[in-house]
Amino acid sequence: MTEPRASSPVKVERRGAACHLTIDRAERHNTMTDEVMNELAAALRSAEAMEGVRAVVLTGAGEKTFCGGGHLKPAADGSPFAMEPGRFDNPVASLFRALDTCNLPIIARVNGGAFGGGLGLVCACDFAVAVEGAMFGTTEAKVGVFPMMILPLLMRVIPRRRLLEMCFFAQRFDAAEAKRLDIVNRVVPAGELDAAVDAMVAQLAANSPVALRIGRRAIAAITDLSFGDALNLAQAILPVLSQSGDAREGMRAFAEKRPPVWPGR
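Numbering that gives the first Met the number 0 puts the sequence shown at residues 0 to 264.
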C-alpha cells in the first residue's frame, strides 16, 4: 500500500493490478477542494509510475456519495469563483487534463451520489460502475451558475438533447437513467460493487498495456478531429503500435495458441 501524508484528503492504495484513489471527505460529501484536485492529479501521475499497475479506480469514501462536486466558498463579492492573475488553468482544468492524458484506463467506482463536478469525474473516466441507489445531476442552474467546467466531458458521453435537459432543467436522476444515458456501464447492488470493479480490472489486465495506453490517448485525440484528420492520425499511429514488444508477443502467442505474456513496452 502506498499513501501520501496521513492528513491527505486523497487516499492512494495499491490493490493487485489496480491503484485505487479515494476522495476521503465523506463528512463533506467528498466535495473537491483545490487541495483534493491537485492531489488527485498528482496521484494519477504516481499510479502511472507504479510497476504492474494496469488500471486506476477512482471513488469516494463512505457509502453515500461518490463526489458532491466542488466545495465552493463565496468570496467577499458573493462569487464562488475567483481568477488568479498569471495562472490560466484552475485546479479543475488541471485535474481534467490529468485524467485525459493518463496512460492507464480509469474506472469510476460510483459508491453514491455524483453531482456537478462529481458527475464530470464520472464522465472523465473510461468506465463506470454504480450502485443501484446512486443519484446524479447537474443542478448548478438552481444556484445561478452553469456546469461550464464539466461540459467538455459531458459532451463526449451524453447526447445533445439529453445534455440540454440535464443542464437546463437541473433535475436529479437515478442510476438506471445514468445507464440509459451511457454515463455508467453497469449498475449493481451495493454488495456487488467491489466484485464488479475487480472483474473489470481483471479484464483490462488481461490485454496489452501498450495497446490500451496508446488506444486511450488515440481515442481522446480522435474524438475532437474531423473524419479525415482522424483517419490520418489513425494510420500514422498503427504502424508505430505494431512495432511494440506487446504487439510482437501478441502475434506470437496467437500463432502458438497460448496466452500472451505482455512485456508492457
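Positions of the beta carbon are idealized from the N, C-alpha and C atoms, including for glycine.
Alpha carbon to alpha carbon, how far is residue j from residue i? Give it in angstroms, no decimals.
i: residue 104; j: residue 143; result: 35 Å
i: residue 124; j: residue 106; result: 6 Å
i: residue 133; j: residue 167; result: 21 Å
i: residue 34; j: residue 66; result: 15 Å
i: residue 183; j: residue 177; result: 6 Å
i: residue 196; j: residue 128; result: 7 Å
i: residue 47; j: residue 164; result: 37 Å
i: residue 7; j: residue 247; result: 42 Å
i: residue 115; j: residue 39; result: 17 Å
i: residue 209; j: residue 141; result: 44 Å
i: residue 75; j: residue 261; result: Here residue 75 scores only 45 on pLDDT, less than 50, and its place in the model is too uncertain to base an answer on.
i: residue 193; j: residue 199; result: 10 Å
i: residue 234; j: residue 61; result: 45 Å
i: residue 245; j: residue 207; result: 6 Å
i: residue 9; j: residue 42; result: 8 Å
i: residue 63; j: residue 205; result: 32 Å
i: residue 57; j: residue 69; result: 16 Å
i: residue 37; j: residue 14; result: 22 Å
i: residue 101; j: residue 44; result: 7 Å
i: residue 265; j: residue 117; result: Given a span of 0 to 264 for the chain in the structure shown, any question on residue 265 remains unanswerable.
i: residue 126; j: residue 99; result: 13 Å
i: residue 249; j: residue 22; result: 37 Å
i: residue 135; j: residue 89; result: 24 Å
i: residue 151; j: residue 220; result: 13 Å
Going by other Cβ atoms of all chains shown within 10 Å of its Cβ, with 16 needed for buried, is residue i buried or exposed?
i: residue 231; result: exposed
i: residue 20; result: buried
i: residue 181; result: exposed
i: residue 218; result: exposed
i: residue 11; result: buried
i: residue 24; result: buried
i: residue 146; result: buried
i: residue 137; result: buried
i: residue 222; result: exposed
i: residue 238; result: exposed
i: residue 26; result: exposed
i: residue 79; result: Reliability fails at residue 79, whose pLDDT of 44 lies under 50, so the model's placement of it is uncertain and the value that follows must be treated cautiously. Residue 79 is exposed by the Cβ-count criterion.
i: residue 131; result: exposed
i: residue 77; result: Only weak support exists for where residue 77 lies, its pLDDT of 43 falling under 50; the coordinates are left without a value.
Please look up how many angstroms separate the CB atoms of residue i and residue j, rounded, as I've assumed it's under 8 Å.
i: residue 53; j: residue 203; result: 6 Å
i: residue 119; j: residue 149; result: 3 Å
i: residue 241; j: residue 264; result: Going by Cβ atoms, the distance from residue 241 to residue 264 rounds to 14 Å, so no, they are not a contact pair.
i: residue 122; j: residue 162; result: That belief does not hold up - the Cβ atoms of residue 122 and residue 162 are roughly 10 Å apart, past 8 Å.
Going by the DSSP bridge assignment, what does residue i pair with across the sheet?
i: residue 66; result: 113
i: residue 135; result: 113 and 172
i: residue 59; result: 22
i: residue 187; result: 130
i: residue 140; result: DSSP output for residue 140 lists no bridge partner at all.
i: residue 165; result: Residue 165 pairs with nothing; no bridge assigned.
i: residue 31; result: 69
i: residue 10; result: 21
i: residue 44; result: Answer is none; residue 44 lacks a bridge partner.
i: residue 54; result: 17
i: residue 213; result: In DSSP, residue 213 forms no bridge with anything.
i: residue 108; result: 58 and 128
Between residue i and the ligand ZN, is the CB less than 7 Å from at least one heavy atom?
i: residue 248; result: Although the ligand ZN was asked about, the structure shown includes no ligands whatsoever.
Against chain C, with Cβ distances strictly below 8 Å, would residue i count as a contact?
i: residue 128; result: The structure shown contains no chain C; it holds only a single protein chain.
ask   = If we count Cβ pairs, one from each stretch, closer than 8 Å, do we get three or more for the region 168 to 184 versus the region 221 to 228?
value = no
inquiry  = Tell me whether the region 205 to 213 and the region 23 to 30 touch, counting them as touching only if at least three CB pairs, one residue from each stretch, are closer than 8 Å.
reply    = no
request  = Taking 8 Å as the threshold, find out whether the region 185 to 196 comes into contact with the region 251 to 260 through three or more Cβ pairs.
outcome  = no
inquiry  = Three Cβ pairs or more, each shorter than 8 Å: is that satisfied between the region 6 to 19 and the region 44 to 52?
reply    = yes
task = Would you be able to state if there are at least three C-beta pairs under 8 Å between the region 89 to 98 and the region 155 to 167?
result = no
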